[in-house]
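For the sequence shown, position 92 (counting from the first letter as 1) is numbered 92 according to our numbering, and the numbering increases by one without interruption.
We put the CB at the ideal spot given by N, CA and C, even for glycine.
See structure below.
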Amino acid sequence: MISIENVSKTFAPRRRNMMPTVAVQQLSMTIQDGEFVCIVGPSGCGKTTLLHMVAGFEQTTTGTIALDGIEIKKPDAERAVVFQQHGLFPWLTVYQNVAFGLRLRNRGQSSYDGLVRKYLSIMGLEGFENYAPYHLSGGMQQRVAIARALITQPKVLLMDEPFGALDAQTRNGMQRFLLELWEEFRPTVLFITHDVEEAVLLGDRVFVMTARPGKLAKEFSIPFPRPRAWELSLTPEFLSLKKDVLDVLRPEVEQVSKELV
Ligand SMILES: Nc1ncnc2c1ncn2[C@@H]1O[C@H](COP(=O)(O)OP(=O)(O)OP(=O)(O)O)[C@@H](O)[C@H]1O
Ligand SMILES: [Mg+2]
């Protein structure tokens with residue numbers, strides 16, 4: 001279980017005559033073991049900052065974040081991260097990228113080869129084992145990144161707009177791949193997205209954050225049974241819930257656009 005308690009994060013000013021930036025303010029949430037939680041919120045509201053604190057890349061200014069009762073202070077292999085793009089090692093092949101975390105733990109290739117091939121197959125990457133990452137499309141690169149993150153069976157998977165740079169069709173396929181892998185061993189997922197439809201399709205719960213400084217605007221429980229298929233997003237129940245989430249998010253996004261004018 002991840003517990004986020006009264007967490008705030010203030011960044012020191014970049015120049016002397018500037019104000020500090022309060023990125024996250026008094027945020028509390030609890031994420032259960034094996035739960036898939038999505039976070040939506042306007043640009044700059046502190047979503048990435050929150051994810052970086054859960055990953056252990058950044059420290060909280062006040063408040064605590066704990067995993068199973070132990071405070072998170074630094075990065076750890078039990079919390080895997082997938083970024084929007086550019087997360088692969090360009091000097092390694094697709095196979096070597098996926099096998100990376102296992103190579104650190106195991107003795108020889110024979111001990112993990114079967115698992116690597118299984119993940120490559122689930123992600124539709126068979127035949128591309130020996131490619132360099134930069135010879136793959138963006139969608140394929142993200143599949144490699146997700147396979148690499150999940151193959152070590154981390155307790156927690158942290159994803160920061162992992163499909164944000166992909167076109168709509170590729171994105172639908174990726175959502176399917178992700179759900180399929182997640183069903184395998186149900187890690188706890190914290191998934192950040194700009195796309196409300198994606199959040200409602202994937203999540204057990206969706207948190208909407210306010211404009212900066214990011215606080216919790218509202219939390220939605222998503223009641224649809226699993227396994228979920230993309231066609232769910234065409235049903236009236238889905239569309240009505242999506243509208244409810246958008247109604248909370250819209251004023252927050254509008255506030256950010258007003259500040260930019
Ligand atoms: N290292 C840093 N130093 C100073 N300010 C920072 C730093 N990282 C983030 N910020 C500021 O904190 C605020 C929140 O940034 P963050 O990247 O968490 O937002 P976000 O919700 O992820 O936005 P987006 O949706 O655009 O990705 C922004 O105003 C940003 O400029
Ligand atoms: Mg961000």
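Per DSSP, K218 is one residue of the beta strand (DSSP E) stretching across 216 to 221. Cα atoms of F185 and P20: separation of roughly 41 Å, rounded to the nearest angstrom. For S233, there is no enclosing beta strand (DSSP E), as DSSP gives it neither H nor E.
As a beta-bridge residue in DSSP terms, I4 pairs with M29, I65. The C-beta distance from P213 to G46 rounds to 7 Å, short enough to fall under 8 Å. For the pair of segments examined, the region 211 to 225 was found to touch the region 31 to 47: the number of CB pairs separated by less than 8 Å reaches three. Under DSSP, F100 forms no beta bridge with any residue. V82 is not a Cβ neighbour of D204, given a cutoff of 8 Å. Judged by DSSP in its simplified three-state form, M140 adopts helix. Residues close to ligand 2 by the beta carbon criterion (under 7 Å to any non-hydrogen atom) are, from first to last along the chain, K47, T48, D160, E161, I192.
P154 counts as buried, since at least 16 other C-beta atoms from the protein chains shown sit within 10 angstroms of its C-beta.
Approximately 18 Å separates the beta-carbon atoms of T152 and I2; this is outside 8 Å, ruling out the contact. Under DSSP, K242 takes part in no beta bridge, so it has no partner. Between the region 168 to 182 and the region 8 to 25, the count of Cβ pairs shorter than 8 Å is below three; the stretches do not touch.
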